[in-house]
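Quick note: the sequence shown uses numbering that gives the first Met the number 0, first residue 0, plus one each step. The beta carbon of each residue, even a glycine, is placed where N, CA and C say it ideally should be. First the structure, in the form of structure tokens, and then the observations on it.
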Amino acid sequence: MSLNASTSGLAALRRFARPAPITNEKCELCSAAIAAEHGHLVERANGRVLCVCEPCAILFGNQVAQKYCRVPRTIARLAGFAMDDAQWNNLGIPIGLAFLFHSSVEGGIVAVYPCPVGPMRSQPSAEAWADVVACNPSLATLEHDTEALLIHRIHPARAYFRAPLDECYKLVGLVRSRWRGVSGGTEVWETIADYFQALHRRASTDA
């Protein structure tokens, strides 16, 4: 797609975009001001998540070459999700909050979990992930690079969601910004509880 064609397409799309409250943030593709609630694209070559305006999300997220892929908006609560403690332990994730997605950059499943200094990453074995997918076949259709299995297993919680990658990274940011001291403090645990309550309200029909 040529630069002139892209610019022309963006101009046309913006005429139909609904106005929304804007912030100081800018679209990382065209530098237009964007709303507080905005879309995201993932650059497949490096896994970078870009904040974008709606016209760019539509235009560049649907290119045939797929340099970028658009992060979906839908959230589903996996009410019938099956995972026993042995399967969880085999994933090798040290805390009860994590999300797992297929990374094109790393060529397999990546687990990301929050900590006070930001996101931590690990790579569960292919066998451990395959065992979880065998019990939950819908995971085989997770969109690469943009959609994740979000897990909440902080005692006594057991909640599982199919969620957009940007929503998962939002949780990481909340933990990092609210964590205080050694144990995290009251605020961070209240924030985590509020986050998952909001996720439950927004989730589509249980999958």
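| Asked | Found |
| --- | --- |
| Quick check on residue 60: buried or exposed, where buried means 16 or more other Cβ atoms within 10 Å of its Cβ? | buried |
| Measure the Cβ-Cβ separation of residue 132 and residue 82 and say whether it is below 8 Å. | no |
| Find the nearest neighbour of residue 54 within the set 26, 186, 123, 152, judged by alpha-carbon distance. | 26 |
| Just list the alpha helix (DSSP H) runs in the stretch 72-130, keeping only unbroken ones of 4 residues or longer that don't cross its boundaries, in chain order. | 84-89 |
| By Cβ distance, which residues of its chain are closer than 7 Å to residue 94, with the 5 residues on each side in sequence left out? | 112 |
| With a cut-off of 8 Å on the beta carbons, I'd call residue 158 and residue 147 a contact; round off their distance for me. | Contact doesn't hold; Cβ gap of about 14 Å is too wide. |
| Reducing DSSP to helix, strand and coil, say where residue 27 ends up. | coil |
| With DSSP collapsed to three states, give me the class of residue 136. | helix |
| Below 8 Å between beta carbons: does that hold for residue 52 and residue 31? | yes |
| Is it buried or exposed for residue 47, if we count other Cβ within 10 angstroms and need 16 for buried? | exposed |
| Going by DSSP, what residues sit across from residue 146 in a beta bridge? | 163 |
| Taking the continuous beta strand (DSSP E) assigned at residue 33, which residues delimit it? | 32-34 |
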